[in-house]
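Undergrad: Sharing a structure here in structure tokens format.
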Amino acid sequence: MWNRFTVGDLNCLVISDGQPEPPWEPPLELFYTPGSGVPEQELRAAVEREGSGRSTLTAAYNCVCVETPGGLAVIDTGLGEQFFGYGPGFAPLVGRFTDGLGEAGYTTSDVSAVVFTHLHEDHSRGAVWAGEPAFPEATAFAHAAEVAFWTDEAASIPDLARGSALDTIRLFGERLHAVEYGVEILPHVRTVDAAGHTPGHTAVLLESRGERLLCVGDSFYDPLQLRHPAWRTPWDLDATRSVRSRRRILEWAADESLLIHAYHLPFPGLGRVRRHRDAFEWEPLS
821 MWNRFTVGDL NCLVISDGQP EPPWEPPLEL FYTPGSGVPE QELRAAVERE GSGRSTLTAA
881 YNCVCVETPG GLAVIDTGLG EQFFGYGPGF APLVGRFTDG LGEAGYTTSD VSAVVFTHLH
941 EDHSRGAVWA GEPAFPEATA FAHAAEVAFW TDEAASIPDL ARGSALDTIR LFGERLHAVE
1001 YGVEILPHVR TVDAAGHTPG HTAVLLESRG ERLLCVGDSF YDPLQLRHPA WRTPWDLDAT
1061 RSVRSRRRIL EWAADESLLI HAYHLPFPGL GRVRRHRDAF EWEPLS
């Protein structure tokens, strides 16, 4: 699946790396747990108010491509092929980004830059899953704190997550640029502080002719998290900072009517954020 759109003069695409359906949609209680500060009764009440009766979230994997004056850039790369980390039945449902790229008229050699919001496996493995760079002509960008964290041997990190991150860092080598926040890393492409989910978690702002798209990575996983921005997940490594970053991004998005790309929301993950009482709500782009 792929979807074309524009941001000013920038030609953009969302390409799906996969969107698992039942029974592979993850349970809501796996993401919003008592251990991460979401009491079970609070989650149940939120679902009841929503009126959906659902017990799962979609967990799509949506990657953004943008034609910049410096070449084609990809923002996050999905899980890649032959991924068995979530169980063998999951593998055929993901790893579709490269096929989508071809269907949209590009080759992997056309990609000149890869921008990582962070180095979790579902955002970085698509670039390195085969044991060599999937995009042979591309340079890569990740926040300096992100690179430092995954290469810190003293950090307590699950082997699956560390392996994908270290493969990304190793295989890109000198072509991986460790960057800071608030920097235009490519023409019309700027990094935005979204730290908390991981130490260098980064939102990516595209801007051209007064139009803007903010790619928020894993700032939120589900529309319920906009109604409850203080909800955290077990994967938010700095709980306090993740909440602070999420609120700041949601306030900015709502107040300035930014177009948002949310990596894990249903394809294509494009929409806007509106204020709703003392929180927010998601309006998918039709």
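Heads up: take any position in the sequence shown, counting from 1, add 820, and you land on the numbering used here.
The C-beta atom is built at its ideal place from N, Cα and C for all residues, glycine as well.
Is the beta carbon of L1085 sitting closer than 9 Å to the one on P1104?
TA: Residue mapping note: residue 1085 aligns to position 265 of the sequence shown, counting from 1. Residue mapping note: residue 1104 aligns to position 284 of the sequence shown, counting from 1. Against a cut-off of 9 Å, the Cβ pair of P1104 and L1085 comes out as a contact.
Undergrad: Do you know how far the Cα of F1040 is from the Cα of I989?
TA: Mapped onto the sequence shown, residue 989 falls at position 169. Mapped onto the sequence shown, residue 1040 falls at position 220. Answer to the nearest angstrom: the Cα atoms are 25 Å apart.
Undergrad: Give the straight-line distance between the Cα atoms of V884 and L833, rounded to the nearest whole angstrom.
TA: Locating residue 884 in the sequence shown gives position 64, counting from the first residue. Locating residue 833 in the sequence shown gives position 13, counting from the first residue. Rounded to whole angstroms, V884 to L833 spans 6 Å at the Cα level.
Undergrad: Just reading off the alpha helix (DSSP H) that L921 is part of, what are its end residues?
TA: In the sequence shown, residue 921 corresponds to position 101, counting from 1. 917-923 is the extent of the alpha helix (DSSP H) around L921.
Undergrad: Grab the span of the alpha helix (DSSP H) containing V967 for me, first residue to last.
TA: As a position in the sequence shown, residue 967 is number 147, starting the count at 1. 964-970 is the span of the alpha helix (DSSP H), which, as asked, contains V967.
Undergrad: Please classify S944: does DSSP put it in a helix, a strand, or coil?
TA: Position 124 of the sequence shown, counting from 1, holds the residue named residue 944. Residue state, collapsed to three classes: helix.
Undergrad: Jot down the residue ranges of each uninterrupted beta strand (DSSP E) in the segment 973-1028, minimum 3 residues, whole runs only, in chain order.
TA: Taken in chain order, the whole beta strand (DSSP E) runs of length 3 or more contained in the segment 973-1028 are 996-999, 1004-1006, 1009-1013, 1022-1028.
Undergrad: By the three-class DSSP mapping on this structure, what secondary structure does V827 have?
TA: Along the sequence shown, read from residue 1 onward, the residue named residue 827 stands at position 7. V827 falls in the strand class under three-state DSSP.
Undergrad: With a threshold of 8 Å, are at least 3 pairs of Cβ atoms found where one atom belongs to the segment 1056-1074 and the other to the segment 1017-1034?
TA: Judged by pairs of C-beta atoms under 8 Å, the segment 1056-1074 touches the segment 1017-1034, as three or more such pairs exist.
Undergrad: Would you tell me roughly how many angstroms separate the C-alpha atoms of A893 and E1004, rounded to the nearest one?
TA: In the sequence shown, counting from the first residue as 1, residue 893 sits at position 73. In the sequence shown, counting from the first residue as 1, residue 1004 sits at position 184. Answer to the nearest angstrom: the Cα atoms are 13 Å apart.
Undergrad: Taking L1079 as part of the beta strand (DSSP E), name the residues at either end of that continuous run.
TA: Numbered from its first residue, the sequence shown carries residue 1079 at position 259. Segment 1079-1081, the beta strand (DSSP E) holding L1079.
Undergrad: With distances taken between CB atoms, is the gap from A933 to T959 smaller than 9 Å?
TA: Sequence index remark: in the sequence shown, residue 933 carries index 113 (1-based). Sequence index remark: in the sequence shown, residue 959 carries index 139 (1-based). Closer than 9 Å, so yes.
Undergrad: Under three-state DSSP, which class holds P912?
TA: In the sequence shown, counting from the first residue as 1, residue 912 sits at position 92. Three-state DSSP puts P912 in a helix.
Undergrad: Is the shortest distance between the beta-carbon of S1062 and the beta-carbons of chain C less than 9 Å?
TA: Within the model displayed, chain C is absent; a lone protein chain is all it includes.
Undergrad: Mind pulling the alpha helix (DSSP H) runs of 4 or more residues that sit fully within the segment 837-877?
TA: Fully enclosed alpha helix (DSSP H) runs of 4 or longer: 848-851, 860-870.
Undergrad: Near R916, which residues of its chain fall below 7 Å by C-beta distance, leaving aside the five closest residues on each side in sequence?
TA: Against the sequence shown, residue 916 aligns to sequence position 96. Excluding residues within five positions, the ones whose Cβ falls inside 7 Å are S836, D837, G838.
Undergrad: Please report the distance separating the alpha-carbon of N831 from that of V1036.
TA: The count along the sequence shown starts at 1 and reaches residue 831 at position 11. The count along the sequence shown starts at 1 and reaches residue 1036 at position 216. Taking the straight line joining both Cα atoms gives about 19 Å.
Undergrad: Would you call G922 buried or exposed, if buried means 16 or more other Cβ atoms sit within 10 Å of its Cβ?
TA: Translated into positions along the sequence shown, residue 922 becomes position 102. By the neighbour-count rule (16 or more Cβ atoms within 10 Å), G922 is not buried but exposed.
Undergrad: Enumerate in chain order the residues of its own chain whose CB-to-CB distance from P854 is below 8 Å, with the five nearest sequence positions on each side excluded.
TA: For the purposes of this step, residue 854 is taken as the residue at position 34 of the sequence shown. Result list for P854: E860, in chain order.
Undergrad: According to the Cβ coordinates, are F903 and V886 closer than 9 Å?
TA: On the sequence shown, residue 903 is found 83 positions in, with the first residue counted as 1. On the sequence shown, residue 886 is found 66 positions in, with the first residue counted as 1. Contact: no.
Undergrad: Can you give the Cα-Cα distance for V999 and A1082, rounded to whole angstroms?
TA: What you label residue 999 is simply residue 179 of the sequence shown in a count that begins at 1. What you label residue 1082 is simply residue 262 of the sequence shown in a count that begins at 1. Their backbone Cα atoms lie some 22 Å apart in a straight line.
Undergrad: Any contact between the segment 861-874 and the segment 1062-1079? By contact I mean 3 or more CB pairs, one from each, below 8 Å.
TA: Inter-segment contact for the segment 861-874 and the segment 1062-1079 is absent: fewer than three beta-carbon pairs are separated by less than 8 Å.
Undergrad: Between the C-alpha atoms of E957 and V858, what's the straight-line distance to the nearest angstrom?
TA: Looking up residue 957 in the sequence shown gives position 137. Looking up residue 858 in the sequence shown gives position 38. For E957 and V858, the distance between alpha carbons rounds to 44 Å.
Undergrad: Check whether the segment 962-972 touches the segment 930-944, counting contact only when three or more Cβ pairs, one atom from each stretch, lie closer than 8 Å.
TA: Yes: the two stretches touch, three or more of their Cβ pairs being nearer than 8 Å.
Undergrad: Per DSSP, Y881 is paired with what?
TA: Sequence index remark: in the sequence shown, residue 881 carries index 61 (1-based). In DSSP, Y881 forms a bridge with G838.
Undergrad: Buried or exposed, going by whether 16 or more other CB atoms sit within 10 Å of the CB of G946?
TA: As a position in the sequence shown, residue 946 is number 126, starting the count at 1. Buried, by the Cβ-count rule.
Undergrad: Thinking just about the alpha-carbon of each residue, which of S856, A879, L848, T878 is nearest to the one in I865?
TA: Taking the first residue of the sequence shown as position 1, residue 865 is located at position 45. Residue identity check: residue 865 is Ala in the sequence provided, not Ile. Ranking S856, A879, L848, T878 by Cα distance to A865 puts L848 first.
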